[in-house]
Amino acid sequence: MKAILATAPGSTDVLQLRDIPKPELPSAHHLLVKLAAAGVNPVDTKLRAKPVYFPDKLPAILGCDGAGTVEAVGSAVTRFKVGDQVFFCNGGIGDEPGNYAEYTTLHEDYCAKKPVKSGLQDSAALPLVFITAWESLVERVGLQAGQTVLIHAGAGGVGHVAVQLARHLGARVAVTVSDDHKAALARGYGAEKTINYKTQDFVQETLSWTNGQGADVVFDTVGGETFLRSLPAARVYGKVVSLLSTPLSLADTQLARVRNLSLCYDLMLAPQAMGLHDDRIRQRKILEQAAALVDAGKLTVHVSHRLPMEQAAEAHRMLEAGGTVGKIVLTMG
Numbered sequence: 001m002k003a004i005l006a007t008a009p010g011s012t013d014v015l016q017l018r019d020i021p022k023p024e025l026p027s028a029h030h031l032l033v034k035l036a037a038a039g040v041n042p043v044d045t046k047l048r049a050k051p052v053y054f055p056d057k058l059p060a061i062l063g064c065d066g067a068g069t070v071e072a073v074g075s076a077v078t079r080f081k082v083g084d085q086v087f088f089c090n091g092g093i094g095d096e097p098g099n100y101a102e103y104t105t106l107h108e109d110y111c112a113k114k115p116v117k118s119g120l121q122d123s124a125a126l127p128l129v130f131i132t133a134w135e136s137l138v139e140r141v142g143l144q145a146g147q148t149v150l151i152h153a154g155a156g157g158v159g160h161v162a163v164q165l166a167r168h169l170g171a172r173v174a175v176t177v178s179d180d181h182k183a184a185l186a187r188g189y190g191a192e193k194t195i196n197y198k199t200q201d202f203v204q205e206t207l208s209w210t211n212g213q214g215a216d217v218v219f220d221t222v223g224g225e226t227f228l229r230s231l232p233a234a235r236v237y238g239k240v241v242s243l244l245s246t247p248l249s250l251a252d253t254q255l256a257r258v259r260n261l262s263l264c265y266d267l268m269l270a271p272q273a274m275g276l277h278d279d280r281i282r283q284r285k286i287l288e289q290a291a292a293l294v295d296a297g298k299l300t301v302h303v304s305h306r307l308p309m310e311q312a313a314e315a316h317r318m319l320e321a322g323g324t325v326g327k328i329v330l331t332m333g
């Protein structure tokens, strides 16, 4: 089969199209999936540049997100049959091969049937971003109906899905964006207030929007200075959840303490990296929630670019250049 291999740590040039053997089922509980598409995520570019989970296992196939058709099932599989269309977040960070390939294998417990009302390409774009948004907003901070939430990068991959999830939960949503096009997209997904962080102070805009109180929840998908400046944008006794690790100075922690803030973090790939089987099943059940929302017309994923698998390097270049709207997918055949 054809696959894109990360042959060494480095620039996009290390992504090479190769012919490799079609994978065999590693256990009786595994599926063989003929991939239709793979979602491309920022973590893929980071692992290409610095493969921290598998420095001694190169060349490796990247790509956590995938969708395709079940071509074969192990003898103990009960949840799927040949011909089922599925989507999942699996592989691409270490022991299991990723999804920049024509075929992949995965345990049946980590796989969900794709949404009926979504094609395979769109379904491949959804797993990592939806699981991240769900873990952050539902599991970490318990976002409730009537609460206010500020979502950074509201037109980005995680951001535009988080906006829709927050609105589904009944929250009022403000977002930061970098231009009018992204603002229009975020409003279309349900954002009540859009803040252009290049021309506006998002802290002051958030305070104004909440009558001086600050947002009940701030969802940080950016990190760095954005995370630190989010602390005064949250209300006293509010919650800030971040996808990135950011060093906190003594002054930062004192500000968070004085305001009684809860600081939370989410790394949705931790269950896969740490081999936490029960949490992998929990994440699959989150994907089943995503499929239900798509089929109910309450969730959509914005795929801005569909590139053939052979153009994986270009997809990485686009992500690293910044400013990408929604998601990029690689297509197979």
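Residues 1 to 333 (the UniProt record's numbering) make up the sequence shown, in order. The beta-carbon is built from N, C-alpha and C at its ideal position, and this holds for glycine as well.
Check: For ALA132, three-class secondary structure by DSSP; Outcome: Before going further, note that residue 132 is Thr rather than Ala in the sequence given. Helix, per DSSP.
Check: Other residues of its chain near CYS264: CB distance less than 8 Å, five sequence neighbours each side excluded; Outcome: SER136, ARG140, VAL141, LYS239, VAL240, VAL241, SER242
Check: Which of helix, strand or coil DSSP assigns to THR206; Outcome: helix
Check: Cβ-Cβ distance between VAL234 and LEU255 below 8 Å; Outcome: Before going further, note that residue 234 is Ala rather than Val in the sequence given. Contact: no.
Check: Local Cβ density within 10 Å of GLN144, reported as buried at 16 or more and exposed below that; Outcome: exposed
Check: Chain-order list of residues whose beta-carbon lies under 6 Å from that of THR45 (same chain, five-residue window excluded); Outcome: HIS316, LEU319, GLU320
Check: Paired residues, beta bridge with PRO271 - DSSP; Outcome: DSSP output for PRO271 lists no bridge partner at all.
Check: Cβ-based burial, GLN164 [other Cβ within 10 Å; buried from 16]; Outcome: buried
Check: Terminal residues of the alpha helix (DSSP H) in which residue 335 lies; Outcome: Because the chain is modelled from 1 through 333, residue 335 falls outside the range shown and cannot be assessed.
Check: Burial state of ALA296 (16 or more Cβ within 10 Å); Outcome: exposed
Check: Beta-carbon spacing of GLY94, GLY63 below 8 Å; Outcome: no
Check: Enclosing beta strand (DSSP E) for LYS327 [first to last residue]; Outcome: 327-331
Check: Residue interval of the alpha helix (DSSP H) (run including PHE227); Outcome: 225-230
Check: Those residues which DSSP pairs with LEU25 across a bridge; Outcome: According to DSSP, which records beta bridges pairwise, LEU25 is partnered with nothing at all.
Check: Rounded Cβ spacing between LEU126 and VAL325 (contact assumed at less than 8 Å); Outcome: Going by Cβ atoms, the distance from LEU126 to VAL325 rounds to 15 Å, so no, they are not a contact pair.
Check: For ALA290, the three-state DSSP class (helix, strand or coil); Outcome: helix
Check: Alpha-carbon spacing of residue 334 relative to ALA270, whole angstroms; Outcome: Residue 334 is absent from the model: the chain starts at 1 and stops at 333.
Check: Beta-carbon proximity of THR105 to LEU32, cut-off 8 Å; Outcome: yes
Check: Whether VAL177 touches ALA162 by CB criterion (8 Å); Outcome: no
Check: SER242, enclosing beta strand (DSSP E) - first and last residue; Outcome: 234-242
Check: Span of the beta strand (DSSP E), counted from its first residue to its last, around HIS107; Outcome: 103-107
Check: Own chain partners of ASN90 with C-beta closer than 6 Å, once the 5 adjacent residues on each side are dropped; Outcome: LEU106, TYR110
Check: Proximity below 8 Å, CB of ALA60 to CB of ALA124; Outcome: no
Check: Boundaries of the alpha helix (DSSP H) in which ALA124 is found, first to last residue; Outcome: 120-124
Check: C-beta neighbour in chain D for SER304, strict 8 Å; Outcome: You won't find chain D in this structure, because it holds only one protein chain.
Check: Cβ pair count under 8 Å reaching 3, the stretch 13-22 against the stretch 280-300; Outcome: no
Check: Assigned secondary structure, VAL116 (DSSP; H/G/I helix, E/B strand, else coil); Outcome: coil
Check: Status (buried if at least 16 other CB within 10 Å, exposed otherwise) for VAL77; Outcome: buried
Check: When ALA191, HIS160, TRP134, PRO115 are compared against THR148, the one with the closest alpha-carbon; Outcome: ALA191
Check: Residue nearest to GLU108 in terms of C-alpha spacing, selected from GLU310, PRO26, GLU225, THR206; Outcome: PRO26
Check: Whole beta strand (DSSP E) elements within the stretch 54-102, 3-residue minimum; Outcome: 65-73, 85-89
Check: Straight-line Cα distance separating PHE88 from GLN267; Outcome: Note on identity: in this sequence residue 267 is Leu, with Gln being the wrong assignment. Approximately 16 Å between the Cα atoms of the pair.
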